[in-house]
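Just so you know, the sequence shown maps onto residues 87 to 341 in the working numbering.
Beta carbons: idealized from backbone N, C-alpha and C, even for Gly.
Here the structure is a predicted model, which means the values were calculated and not measured.
First comes the structure, then the notes that go with it.
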Amino acid sequence: MTVLFEKNGKVGTITINRPGVKNAVDRKTAKELADAFREFEKDETLRVAVLHGAGGTFCAGADLKALSINEGNEMNMNMSKDGPMGPSRMHLSKPVIAAVSGYAVAGGIELAIWCDLRVMERDAVFGVFCRRFGVPLVDGGTQRLPRLIGMSRALDLILTGRPVKAEEALMIGLANRIVEPGTAKEEAEKLAAEISEFPQLCMLSDREAVYRGFDQDFDKAMQMEFLLGLNVVNSGETREGATIFSNGQGKHGRF
Numbered sequence: 087m088t089v090l091f092e093k094n095g096k097v098g099t100i101t102i103n104r105p106g107v108k109n110a111v112d113r114k115t116a117k118e119l120a121d122a123f124r125e126f127e128k129d130e131t132l133r134v135a136v137l138h139g140a141g142g143t144f145c146a147g148a149d150l151k152a153l154s155i156n157e158g159n160e161m162n163m164n165m166s167k168d169g170p171m172g173p174s175r176m177h178l179s180k181p182v183i184a185a186v187s188g189y190a191v192a193g194g195i196e197l198a199i200w201c202d203l204r205v206m207e208r209d210a211v212f213g214v215f216c217r218r219f220g221v222p223l224v225d226g227g228t229q230r231l232p233r234l235i236g237m238s239r240a241l242d243l244i245l246t247g248r249p250v251k252a253e254e255a256l257m258i259g260l261a262n263r264i265v266e267p268g269t270a271k272e273e274a275e276k277l278a279a280e281i282s283e284f285p286q287l288c289m290l291s292d293r294e295a296v297y298r299g300f301d302q303d304f305d306k307a308m309q310m311e312f313l314l315g316l317n318v319v320n321s322g323e324t325r326e327g328a329t330i331f332s333n334g335q336g337k338h339g340r341f
């Protein structure tokens, strides 16, 4: 199979499994990726997903060899359908962490920035390498990069196609954590497990408020945040947490 799905407790790890082509995504793989994330979304036992690439490379983008013989990825104009790289048009209700090793380039960087967080190995590289071959960003790269790192930096990456190594990626907000080579999957799964143990209604509400409010008028976004938070308070989860704190747990910043 070109996509593997491993479940470990509350964490689901989805792996692009085409190491012989640097995990380039063809039409079949795109569908399998999207299907895997649909399965993650509906599985109530799973709280956080990790996206990973087999064989030391996250993803080299779309499979250009397939494209060169007119067997390229699906280019569906209906935005409710899957994107060319698979899950890139989905808005999941639960977080996803990218475990980035080797190269996350072209469509691979688009998959990585579709995720909520990116754990990046010290010798890994991001880049819009498709700039060299006339392949456009059609899986959210032109929209998510500016929102993530700012327009000036995003244009630098998009126009030049240059490689971005781990230290710079961390500095500009493209990476969230830098880890040692060969450990991205393990460290991302560890982070996912930690996140999965927080009170979920509250965490998911705050996450949704971030995404929904980003491009809204500030006052409307503040109102939306409050209403989402009020639902959490009314659910009883906040009172339960306050009781736990009052009983002495979690004081002084302890997790």
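Name the residue from Leu-313, Ile-281 and Leu-316 whose alpha carbon lies nearest to the alpha carbon of Leu-132.
Ile-281
The ligand ZN and Ile-199: does the residue's C-beta get closer than 7 Å to at least one heavy atom of that ligand?
No copy of the ligand ZN appears in this structure; indeed no ligand is present at all.
Tell me Arg-263's beta-bridge partners as DSSP assigns them.
Val-205
The beta strand (DSSP E) spanning Val-191 covers which residue range?
189 to 191
At the level of alpha carbons, what is the spacing between Gly-146 and Tyr-189?
With the sequence shown as reference, residue 146 is identified as Ala, and Gly is not the correct amino acid for it. Approximately 6 Å, taken between the alpha carbons.
Counting along the chain, where does the beta strand (DSSP E) carrying Phe-91 start and finish?
89 to 94
Assuming contact is defined by CB atoms lying nearer than 8 Å, are Thr-143 and Ser-174 in contact in what I supplied?
no
How would you label Glu-326, buried or exposed, when you count the other beta carbons within 10 angstroms and need 16 or more for buried?
exposed
Taking Cβ to Cβ, would you say Ile-183 is nearer than 8 Å to Val-214?
no
Quick one, are the C-beta atoms of Pro-181 and Asp-202 less than 8 Å apart?
yes
With H, G and I counted as helix, E and B as strand and the rest as coil, what does DSSP make of Ile-183?
strand
When the Cα atoms are used, what is the spatial distance from Lys-306 to Gly-299?
8 Å
In three-state DSSP terms, what is Val-224?
coil
DSSP bridge partner residues for Phe-304 (one or two, in chain order):
DSSP output for Phe-304 lists no bridge partner at all.
With DSSP as the reference, label Ile-155 as helix, strand or coil.
coil
If you draw a straight line from the alpha carbon of Val-97 to that of Phe-219, how long is it in whole angstroms?
37 Å
Taking the beta strand (DSSP E) that Phe-212 belongs to, which residues open and close that run?
211 to 213
Who are the Cβ neighbours of Ile-195 in its own chain at under 7 Å, not counting the five residues just before and after it?
Phe-212, Gly-213, Val-214 and Gly-227
Three Cβ pairs or more, each shorter than 8 Å: is that satisfied between the stretch 102 to 119 and the stretch 250 to 264?
no
Per DSSP, Lys-251 forms a beta bridge with which residues?
Val-211
Classify Leu-137 as helix, strand or coil using the three-state DSSP reduction.
strand
By Cβ distance below 7 Å, which residues in the same chain neighbour Pro-232 in space, the five residues on each side in sequence not counted?
Ala-240
Roughly how far, in whole angstroms, is the beta-carbon of Asp-225 from the beta-carbon of Gly-193, given that I think they are within contact range, below 8 Å?
6 Å
Could you pull the DSSP bridge partners for Val-97 from this structure?
Asn-94 and Val-134
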